[in-house]
Amino acid sequence: LSGPTSEPECDAAVKSLVEMGFEEEKVRAALSSMLWNTSDALESLCKG
1 LSGPTSEPEC DAAVKSLVEM GFEEEKVRAA LSSMLWNTSD ALESLCKG
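This is how it looks when you write it as structure tokens:
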């Protein structure tokens with residue numbers, strides 16, 4: 001498995017992207033689809 005292995009790591013990833021102005025629901029969906037890779041999720045969110 002790749003990505004965070006604990007809930008605090010997941011929460012931190014969500015928080016960092018939400019703080020950039022993205023909606024939490026969209027952030028969680030993007031992170032989940034990108035195996036919790038923050039960089040890939042951010043790129044996905046920016047593309048819309």
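Just so you know, we're using the UniProt record's numbering here: the sequence shown kicks off at 1 and counts up by one. The beta-carbon is built from N, C-alpha and C at its ideal position, and this holds for glycine as well.
Task: Secondary structure of residue 9, DSSP reduced to three states - done: To locate residue 9, count along the sequence shown from 1; it is residue 9. DSSP places residue 9 in helix when its eight states are reduced to three.
Open item on the list: Under DSSP, the alpha helix (DSSP H) around residue 42 begins and ends at which residues?
Closed with: What you label residue 42 is simply residue 42 of the sequence shown in a count that begins at 1. Where residue 42 is concerned, the enclosing alpha helix (DSSP H) stretches over 38–47.
- [ ] State the Cα-Cα distance for the pair residue 26 and residue 45, rounded to the nearest angstrom.
- [x] As a working mapping, residue 26 is identified with position 26 in the sequence shown. As a working mapping, residue 45 is identified with position 45 in the sequence shown. When the Cα atoms are used, residue 26 and residue 45 turn out to be separated by approximately 8 Å.
- [ ] Label residue 13 either buried or exposed according to how many other C-beta atoms from any shown protein chain fall within 10 Å of its C-beta, with 16 as the threshold for buried.
- [x] Sequence index remark: in the sequence shown, residue 13 carries index 13 (1-based). Label assigned to residue 13: buried.
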